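What follows is a short report on a single structure.
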Amino acid sequence: MNDTILEKLRWRYATKQFDPTRKISDADWSTLEEALILTPSSYGLQPWKFLVIKNQELKESLVPASYKQQQVADCSHLLVFAVNKNMTEAEIDKLIHTTSAIRGQDPSSMDYFRSLMIGDIVTGSRGEDSVGWAKLQSYIALGNFMTCAAMMDIDCCPMEGFVPKMYDESLNLAEKGLTTAVVCPAGYRIADDKYADLPKVRYSREDLIETIE
Ligand SMILES: Cc1cc2nc3c(=O)[nH]c(=O)nc-3n(C[C@H](O)[C@H](O)[C@H](O)COP(=O)(O)O)c2cc1C
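Going by this note's numbering, the sequence shown opens with residue 35, and the numbers climb by one from there.
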């Protein structure tokens, strides 16, 4: 198990060239969607929407918005991590009501939790930049997605190289109260992507990990 995890993590790389002819199966994609849904978030607030773009025309139209990075067109599925532009009491109440429905808890039993969240993410210091907070949360989903994809021998390329405003416009996100945080094309590498076999550039264990006994 441990060896397999490391083997898969070494196998994954930020894929520069996808094979446009290979598509992720519906069954595999469904597993990856479930992994996205299972991603944890602060308070469990899930301030995100995952847009899955399979439409070839739309993927191609996003290449100019991605600094001409061809991966967004050649991938099988283009995943866009969008987040709430604002956190309001409505988002807090959505969580309270969903919790109540799933766990059978009386919403009023969560009054303290509700005011705690509002005082933090809506009206508190983190509420001053709730979109920044939401973007941090979306990177947890990104990491989760990338790791799960690697375990399934599916390639992807996390991407910050894009113009959020152009994505937001193309995907009509503003009217849904959303904005693009990060994107991740997924699919299968071409056989001879020269980046696939480059040695990983990582700092040493001594550099990165400090253990305090
Ligand atoms: C948040 C994030 C944004 C990135 N943006 C891009 C990008 O726009 N284009 C690209 O080709 N690679 C992008 N990368 C890939 C990194 O350059 C790459 O992950 C890093 O150099 C480590 O290499 P590896 O992933 O191949 O192991 C991004 C990676 C992360 C995590």
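Each residue gets a CB set at the ideal place from its N, CA and C atoms; glycine is no exception.
The model shown is predicted, which means the values in this text are computed figures rather than measured ones.
Endpoints, beta strand (DSSP E) assigned at residue i
{"i": "Leu255", "result": "In this structure the chain extends from 35 to 247, so residue 255 is not present and cannot be described."}
{"i": "Phe84", "result": "82–87"}
Contact belief for residue i with residue j at Cβ below 8 Å, rounded distance in angstroms
{"i": "Arg186", "j": "Asp62", "result": "The sequence shown places Met at residue 186, rather than the Arg named in the question. With 8 Å as the limit, Met186 and Asp62 qualify as a contact, their Cβ atoms being about 6 Å apart."}
{"i": "Tyr229", "j": "Tyr47", "result": "6 Å"}
{"i": "Gln139", "j": "Thr132", "result": "Contact doesn't hold; Cβ gap of about 11 Å is too wide."}
{"i": "Gly195", "j": "Gln103", "result": "6 Å"}
{"i": "Leu85", "j": "Leu205", "result": "6 Å"}
{"i": "Tyr173", "j": "Val216", "result": "7 Å"}
{"i": "Pro81", "j": "Gln171", "result": "6 Å"}
{"i": "Thr49", "j": "Cys218", "result": "No, Thr49 and Cys218 are not in contact; Cβ-Cβ is about 10 Å, not under 8 Å."}
{"i": "Asp231", "j": "Gln51", "result": "Not really, about 13 Å apart at Cβ, beyond 8 Å."}
{"i": "Met200", "j": "Ala99", "result": "4 Å"}
Of the listed residues the options, nearest to residue i (C-alpha basis)
{"i": "Leu92", "options": "Lys42, Lys83, Gln105", "result": "Gln105"}
{"i": "Val197", "options": "Val97, Pro54, Leu79", "result": "Val97"}
{"i": "Lys83", "options": "Tyr101, Asp202, Leu40, Thr181", "result": "Asp202"}
{"i": "Met151", "options": "Asp231, Ile246, Ser75", "result": "Ser75"}
{"i": "Cys182", "options": "Lys88, Ile155, Ala220, Leu212", "result": "Ala220"}
{"i": "Glu209", "options": "Asp145, Ala116, Arg239", "result": "Ala116"}
{"i": "Arg223", "options": "Ser64, Ser110, Pro81", "result": "Ser110"}
{"i": "Arg44", "options": "Ile188, Asp226, Ile246", "result": "Ile188"}
{"i": "Arg148", "options": "Leu79, Leu212, Leu207, Arg236", "result": "Leu79"}
{"i": "Asp60", "options": "Gln51, Lys88, Thr73", "result": "Lys88"}
{"i": "Lys146", "options": "Ala135, Ile130, Ile136", "result": "According to the sequence shown, residue 146 is Tyr rather than Lys. Of the listed residues, the one whose Cα sits closest to Tyr146 is Ile130."}
{"i": "Val165", "options": "Asn178, Ile136, Pro192, Leu212", "result": "Leu212"}
{"i": "Leu112", "options": "Ile243, Ile58, Ile126", "result": "Ile58"}
{"i": "Thr65", "options": "Ser142, Asn118, Phe179, Ala168", "result": "Phe179"}
{"i": "Gly153", "options": "Ile126, Glu94, Ile243", "result": "Ile126"}
Where the alpha helix (DSSP H) through residue i begins and ends
{"i": "Thr132", "result": "123–137"}
{"i": "Ala69", "result": "60–71"}
{"i": "Asp108", "result": "105–108"}
{"i": "Asp37", "result": "36–45"}
{"i": "Ser75", "result": "Careful: Ser75 lies outside any alpha helix (DSSP H) and carries neither H nor E."}
{"i": "Tyr101", "result": "From DSSP, Tyr101 is part of no alpha helix (DSSP H); its letter is neither H nor E."}
{"i": "Phe147", "result": "145–151"}
{"i": "Asp241", "result": "239–242"}
Uninterrupted alpha helix (DSSP H) stretches inside the region 185–230 (no shorter than 4 residues): 198–204
Indicate whether the contact test is met: 3 or more Cβ pairs, each with one atom in the region 59–76 and one in the region 117–135, closer than 8 Å. no
Residues near ligand 3, CB to any non-hydrogen atom under 5 Å, in chain order? Ligands in the displayed structure: ligand 1; ligand 3 is not one of them.
The region 35–55 contacting the region 157–166, beta-carbon criterion three pairs below 8 Å: no
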